[in-house]
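Count along the sequence shown starting at 1, add 1, and that's the number in the working numbering. Glycine is no exception: its CB is placed at the ideal position from the N, C-alpha and C atoms. On a predicted model such as this, the values are computed, not experimentally measured, just so you know. Here the structure comes first, spelled out in structure tokens, and everything after it is commentary.
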Amino acid sequence: MIARPLLIVFTKAPYLGQAKSRLAAGVGKVHANRLYRAMIRRVLRRVRDPRWDTLLYVTPDRDAARLFGGVWPADMPRMLQGRGSLSPRLARAFAAGRPIAVIGTDCPQVRARDIAAGFKGLRGAPCVFGPADDGGFWLMAMHGPVPAGVFDGVAWSTGTTLSDVERNISGRALRLRTLIDVDDIDALRAVRAAKS
């Protein structure tokens with residue numbers, strides 16, 4: 002029997018001034034916080050689907066039980082990201098023995114059909130990426146648990162992030178459509194101008 006797919010949504014507590022600092026430089030801290038909260042709600046609303054389990058992978062750990070005014074749904078299971086850089090946190094996310102996709106909340110264009118395409122792609126590829134326009138990725142899907150070293154030597158939040166992870170994967174990765182990662186005002190304008 003094939004294990005049920007799992008979608009893990011990385012999310013950071015939406016405190017004013019604690020997230021989207023590059024976006025805040027262009028629109029101000031208050032508006033950036035409103036946008037971040039709206040992106041979290043939109044992404045979660047769009048990606049929840051009965052075909053897979055969905056859970057929030059939250060940081061900081063102390064806020065796991067909070068709802069933040071409904072930004073984090075009360076009925077969505079949570080897992081703590083714990084300490085360390087993104088590499089060990091991703092390794093922990095991919096520890097379960099099942100098809101797993103991870104996303105963040107920075108690409109408001111993502112839809113359930115994108116997640117479905119990621120899981121479908123795992124039938125013929127060891128890894129599936131949803132590339133972001135900035136050189137990173139908005140989705141990564143693999144069968145867990147992942148081999149040691151998959152996240153070693155990755156320059157996170159750079160133009161080489163996706164290619165760095167691809168270099169560590171055995172076999173050819175499948176790529177889905179490219180989406181816009183909303184990290185600054187230019188990206189915000191681009192996503193507003195694009196059809197999603």
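Cut-off 6 Å between Cβ atoms - residues of its own chain near D107, not counting five sequence neighbours on either side: Around D107: D182, V183.
Same chain only: Cβ atoms within 6 Å of W53, ignoring 5 sequence neighbours per side: Excluding five sequence positions before and after W53, the CB atoms of its chain that fall closer than 6 Å to its own CB belong to P6, L8, given in chain order.
Quick one: is R67 buried, meaning 16 or more other Cβ sit within 10 Å of its Cβ, or exposed? Around the beta-carbon of R67, fewer than 16 other beta-carbon atoms lie within 10 Å, marking it exposed.
Give me whichever residues DSSP pairs with Y58 in a beta bridge. For Y58, which the question treats as bridged, DSSP gives the partners F11, M80.
Buried/exposed call for R239, threshold 16 Cβ in 10 Å: Limits of the chain in this structure are 2 at one end and 197 at the other, which puts residue 239 out of reach.
beta-carbon R93 near the ligand ADP non-hydrogen atom, thresh 6 Å: The ligand ADP is not part of this structure, which contains no ligands at all.
Would you mind stating whether G125 and L177 have Cβ atoms separated by less than 7 Å? No.
From the DSSP output, in three-state form, read off L17 for me. It is coil, neither helix nor strand.
Using 8 Å as the cut-off, can you tell me whether the segment 82–96 makes contact with the segment 147–162, which would need three or more C-beta pairs spanning the two stretches below that distance? The segment 82–96 vs the segment 147–162: in contact.
State the CB to CB distance for the pair M143 and I101, rounded to an integer number of angstroms; the pair is presumed to be in contact (CB under 8 Å). Between the beta-carbon of M143 and that of I101 there is about 6 Å, and that keeps the pair under the 8 Å contact cut.
Enclosing beta strand (DSSP E) for P100 [first to last residue]: Unbroken beta strand (DSSP E) run through P100: 100–104.
Could you check where the beta strand (DSSP E) with G131 kicks off and where it finishes? That run of the beta strand (DSSP E) goes 128–132.
Would you grab the beta carbon distance between K21 and L36 for me? Rounded to a whole angstrom, and I think it's under 8 Å. Between K21 and L36 a beta carbon distance of about 7 Å is seen, short of the 8 Å cut, so the two are scored as contacting.
Helix, strand or coil for L45? Go by DSSP, reduced to three states. Reduced to three states, the DSSP call for L45 is helix.
Using the C-alpha atoms, what's the distance from S88 back to N169? Straight-line spacing of the CA atoms in N169 and S88 works out to 12 Å.
Contact under 7 Å by Cβ, M40 with L56: No, these two residues do not count as a Cβ contact at 7 Å.
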